[in-house]
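Residue numbers (my numbering): 30 to 371. Using N, Cα and C, we set each Cβ at its ideal position, and we do this for glycine too. The model shown is predicted, which means the values in this text are computed figures rather than measured ones.
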């Protein structure tokens, strides 16, 4: 169930915002970014060692995939987290959590304009409503400190949107390996930058908490997010993931933060935008050209091919032919439905 995976990913990531804010009281933003990603990388590295035979592994990374993964690490793992944590340290956790909804807007825009993913009218309307909610939430008259902090969070969202669309290009590969590499590299870079800037080492207990939070909020969340993208595409997965800030805002309120009129208005706008995205349905007659590719699959209408007897039980991954096939059914921009539209 791609939708369920996206929602669980949102829950795991959304609750990290108020918890990370608690750690920011004793850990500088750059150091915390390093701990969160190192926690994800170490956790998934150990998971891959223990869980070698798994159906989610997918196809091996090609040379092109490795270059894309390098860009993903730089944009989403090195540049975005310090911006988010810097903004989080200077604004309420509820405000930051809801501003994170802008990631879905930027993801959809990039998916449609740059990466060729089909966007229906609901996606466009939701993007406008979501952006308006971000303006209501992020603009604070007479308080430029909070406004600048909100701008840092918005920039982090834009970088993660690019990260999402690049990750979609390699989502058919092993998600545990993708997040492991991203976590270890990004975590090491951020930790080294923190040390070079003179930030002191946190206490062992604080380090353990940061690593544990990273394992769940970044590690588990990102793996589920990639698995969801296999079936939904970048924009639709981002739409379901947009529920993450609501989980984060709820966590912030539980920590004692008081709701404001702007917060309530922004939450209503963002909830309406998320509803528009979730309600989108897309169906038309389309044609699958003949091709050969490799990815994790089961034998559905798109996968009627012979086997040599060594592929293993379904789902499995191997090079296989597909098409030609012409039919009509509801679909999302997965690997078989990246066709053009009039």
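For residue 120, the three-state secondary structure derived from DSSP is coil. DSSP places residue 45 in the helix class (H, G or I) of the three-state scheme. In the displayed model, residue 287 falls within coil according to three-state DSSP, outside both helix and strand.
Counting along the chain, residue 60 sits inside the alpha helix (DSSP H) bounded by residues 58 to 79.
Between residue 219 and residue 89, the CB-CB gap reaches or exceeds 9 Å. In this structure, the beta-carbon distance from residue 127 to residue 292 falls below 9 Å. Residue 232 counts as exposed, since fewer than 16 other beta carbons sit within 10 angstroms of its beta carbon. Shown here, residue 226 sits in coil according to DSSP, grouped into three states, outside any helix or strand.
Between residue 263 and residue 91, the beta carbon gap of about 19 Å keeps them out of contact (Cβ cut-off 8 Å). Of the residues 158, 145, 115 and 144, the one whose Cα lies closest to the Cα of residue 134 is 158. DSSP lists no beta-bridge partner residue for residue 246.
Under the Cβ criterion (8 Å, minimum of three pairs), the stretch 116 to 125 does not count as touching the stretch 221 to 241. With a cutoff of 9 Å on beta-carbon distance, residue 31 and residue 115 are scored as not near each other.
Under the three-state reduction of DSSP output, residue 308 falls in the coil class, being neither helix nor strand.
Excluding its 5 nearest sequence neighbours in each direction, residue 273 has C-beta neighbours in its own chain below 6 Å: 39, 42 and 43, listed in chain order. If the five residues before and after residue 305 are omitted, its C-beta is found closer than 6 Å to the C-beta atoms of 151, 154 and 155, all from its own chain and listed in chain order. The criterion of a C-beta distance shorter than 9 Å is satisfied by residue 185 and residue 113. For residue 295, the CB contacts under 6 Å within the same chain, skipping 5 residues up- and downstream, are 127, 162, 165 and 166 in chain order.
286 is the residue among 95, 286 and 230 whose C-alpha sits nearest the C-alpha of residue 51. Per DSSP, residue 93 has no beta-bridge partner at all.
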